[in-house]
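These notes are about the structure you will find just below.
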Amino acid sequence: MFLSFARVVRLSLQQFHRNLWLSIATITLLILSLLTVNLVVALGAVSQAAVTVVQDKIDVSVYFKPEVSNEEVEQVRNTLLKRSEVKEVAYIPKEGALARFKERHKDDPVISESLQELGENPFGATLAVSAHDPEQYPKIIEFLEAPEYKEIIEEKNFEDHRLVISRINTLMRNIRSFGLGVAGVFGVIAILVVINTVRVAVYTHRGEIRIMRLVGASSWFVRGPFLFEALLFSFAATILTAAVVYLGLYFVQPHFDRLFENVSLSLIGYYSANAIFIFGAQFVGIFFLTALSSFFAVRRYLRV
Amino acid sequence: MINLHNVTKMYSEDAVALKNISFAVKSGEFVSIVGQSGTGKSTIIKILIAEERPTKGQVEIGDWDITRIRAGDIPMLRRQIGVVFQDLKLLPAMTAYENIAFALEVVGALPRRIKEVVPQVLRIVGLEDKAHRYPLQLSGGEQQRVVIARALVHRPKIFLADEPTGNLDALNTREIIDILKKINSFGTTVVLVTHNREVVNQLRRRVITLNGGEIMSDHENGKYVL
Chain A
1 MFLSFARVVR LSLQQFHRNL WLSIATITLL ILSLLTVNLV VALGAVSQAA VTVVQDKIDV
61 SVYFKPEVSN EEVEQVRNTL LKRSEVKEVA YIPKEGALAR FKERHKDDPV ISESLQELGE
121 NPFGATLAVS AHDPEQYPKI IEFLEAPEYK EIIEEKNFED HRLVISRINT LMRNIRSFGL
181 GVAGVFGVIA ILVVINTVRV AVYTHRGEIR IMRLVGASSW FVRGPFLFEA LLFSFAATIL
241 TAAVVYLGLY FVQPHFDRLF ENVSLSLIGY YSANAIFIFG AQFVGIFFLT ALSSFFAVRR
301 YLRV
Chain B
1001 MINLHNVTKM YSEDAVALKN ISFAVKSGEF VSIVGQSGTG KSTIIKILIA EERPTKGQVE
1061 IGDWDITRIR AGDIPMLRRQ IGVVFQDLKL LPAMTAYENI AFALEVVGAL PRRIKEVVPQ
1121 VLRIVGLEDK AHRYPLQLSG GEQQRVVIAR ALVHRPKIFL ADEPTGNLDA LNTREIIDIL
1181 KKINSFGTTV VLVTHNREVV NQLRRRVITL NGGEIMSDHE NGKYVL
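Protein sequence lines, in the order shown, are assigned to chains A and B.
Here our numbering is used: the first residue of the first sequence is 1, the next is one more, and so on.
Here our numbering is used: the first residue of the second sequence is 1001, the next is one more, and so on.
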């Protein structure tokens, strides 16, 4: 068993070495296929980051009536925070609202005098509610429209944001669909390239396969070197793709930062944080594909 | 040892290679199968190593009914038959030694056995001094001898040679036939497929003559009659 495995490995390395140019060409094509996949991954990360930035800027401000106490507002805040769709609730107490107003109008003596004449704080507390997903805002609004809240809430600005939120939701859905479409098309192209590359590599060995069969080699002994070669090709292609991707990102990141000033996304950081998953999945995928392609390509020549 | 019962091989309706042929080869026999090109000689070899299946009839080698052989058993069958192919089938990237050793490696032979057997068979075919040459560095006759050596490594009970002298000059032809006679003298059954009149006539062994896919004659101490 071990002897056969060692011979399979040796034959595979011989095949690799004796057909070095074909091996290099095969690995290059695998790298190009993987780079296509990485382009889709990077575009996905960038579009997701851009959408997140816009998403984070959306919230629903709930203005409470001045007579509502801070404790009551705190209670509403706690209830909101318990809801699964709510990500964050920023609380601005009455005093905070007044201080903020004063600060904003400190150079306007008329407003300062008016406030002094009123003698009391005319502002109510405010809650700024953010959802995990923009599509969840209508649910939050529905919750706030319950009769017990209607009496204490003076105003909600969701109506102002409704159009923006709706547009963002549509945009996000379109980006997701487009991303999936692009990934699908490039995925099919990459699969076809890999299958064809492996078929060519096996085709060049058809004479050897025939001879191996005629001198009594079992099917698995013939398949073994091709499967091990698929493992070598996949490993080399994944490592080299990772190197090219990191090198590319190193040069692209400064341009990216300049282009999207408000989007703080380090693609290198994103790749590093998910490297095992991204490149691990690519290695498993490309090995599965090359091994399967070689299995079927060799089968054709095994019928001797 | 080898039995063919009413064997027919049709590649298509109008391409019939063998028509209802029957013959038996005894253990230790030396049989020449002769006939012009396209009469089905090589088809018999292909059927005997299960490279082709007969359309009708039954083929037995020892206790094996190879008309019903399972795909997984074919390698086992081939390990018991030495075959010299018309087109040699040597691996160009391997030396003579490696080509011969390869036939042992694929069946899982231990390195010690390979080191013992390969020089032995190289000696039988007289190529011990050219063991590390690649096929392209050898003459046609030498390449043919490597193929014979490779076919011998499993110490087969049956040795099939398909036109082994096809592209050789008279001297090399004689050397190859001498090697086949030597193999037969060890008790191995030899089936030689050829259309070389001189070879067959000099051998003076059993001759089966094929014509148009049918057996035209089958004579002990026969001659090339076409």
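By construction, the Cβ of each residue, glycine as well, lies at the ideal position given by its N, Cα and C atoms.
Everything numeric in this text was worked out from a predicted model, so none of it was measured.
Under the three-state reduction of DSSP, Asn1003(B) is assigned to strand.
The beta carbons of Gly285(A) and Gly179(A) sit no closer together than 8 Å.
Legend: CB atoms of the segment 1053-1078 of chain B lying less than 9 Å from CB atoms of chain A belong to residues Ala1071, Gly1072, Ile1074, Pro1075, Met1076, Leu1077, Arg1078.
At a cut-off of 4 residues, the continuous stretches assigned as alpha helix (DSSP H) that sit fully inside the segment 1020-1089 of chain B are 1041-1048, 1074-1078.
Bounds of the beta strand (DSSP E) holding Lys156(A) are 153-156. Assignment of alpha helix (DSSP H) within the segment 247-273 of chain A, counting only whole runs of 4 or more residues, yields 267-273 in chain order.
Within the segment 210-236 of chain A, contact with chain B at the beta-carbon level (separation under 9 Å) is assigned to Arg210, Ile211, Met212, Arg213, Leu214, Val215, Gly216, Ala217, Ser218, Ser219, Phe221, Val222. Within 7 Å of the CB of Leu1091(B), the CB atoms of chain A belong to Glu208, Ile211, in sequence order along the chain.
Shortest Cα-Cα distance from Leu35(A) to any of Gln282(A), Gly124(A), Gly184(A), Leu227(A) involves Gln282(A). Tyr1134(B) carries a coil assignment under DSSP once its states are collapsed to helix, strand and coil.
Selection Leu267(A), Thr241(A), Ala242(A) evaluated against Gln253(A) yields Leu267(A) as nearest (Cα-Cα). For Arg303(A), there is no enclosing beta strand (DSSP E), as DSSP marks it with neither H nor E.
Relative to Ser1217(B), the option among Val1034(B), Ala1015(B), Glu1013(B), His1005(B) whose CA is nearest is Val1034(B). Listed along chain B is no residue with a C-beta nearer than 7 Å to that of Leu20(A); the closest approach is about 12 Å.
Straight-line measurement puts the Cα of Gly96(A) at about 15 Å from the Cα of Leu115(A).
By the 16-neighbour rule on beta-carbons within 10 angstroms, Gly224(A) is buried. Secondary-structure assignment with DSSP links Glu1013(B) through no beta bridge to anything. The three-state secondary structure of Ser130(A), taken from DSSP, is strand.
The segment 205-212 of chain A makes contact with the segment 1083-1102 of chain B; the number of CB pairs closer than 8 Å reaches 3 or more. In this structure, DSSP gives Ala90(A) an extended state, which the three-state scheme calls strand. Nearest in C-alpha terms to Ala291(A), of all of Val202(A), Val54(A), Ala50(A), is Val202(A). Under the 10 Å beta carbon count, Gln1120(B) is surrounded by fewer than 16 other beta carbons and is classified as exposed. At a cut-off of 8 Å between C-beta atoms, Arg1150(B) counts as an interface residue with respect to chain A.
A Cβ-Cβ contact shorter than 8 Å links Val1007(B) with Leu1018(B). Closest in C-alpha terms to Lys1009(B), from the list Gly1213(B), Lys1223(B), Pro1135(B), comes Gly1213(B).
Under the 8 Å criterion on CB atoms, Ser4(A) is classed as interfacial with respect to chain B. Interface annotation, Ala1017(B): not in contact with chain A, CB-CB separation never under 8 Å. Sequence-ordered contacts of the segment 1094-1109 of chain B with chain A read Phe1102, Ala1103, Glu1105, Val1106, Val1107, Gly1108 [C-beta pairs closer than 8 Å]. A residue is called buried when at least 16 other Cβ atoms come within 10 angstroms of its Cβ; Val164(A) does not meet this threshold and is exposed. Note that the segment 1053-1064 of chain B does not touch the segment 1100-1118 of chain B; fewer than 3 beta-carbon pairs, one per stretch, sit closer than 8 Å. For Asp56(A), the secondary structure class from DSSP, reduced to helix, strand or coil, is helix. Look at Tyr63(A) here: in three-state DSSP terms it is strand. By the beta-carbon neighbour count (other beta carbons within 10 angstroms, threshold 16), Gly216(A) is buried.
For Asp1169(B), the three-state secondary structure derived from DSSP is coil. With distances taken between CA atoms, Val40(A) lies nearest to Gly187(A) out of Gly187(A), Val193(A), Leu30(A), Leu240(A).
Under the DSSP definition of a beta bridge, Leu1160(B) partners with Val1083(B), Val1191(B).
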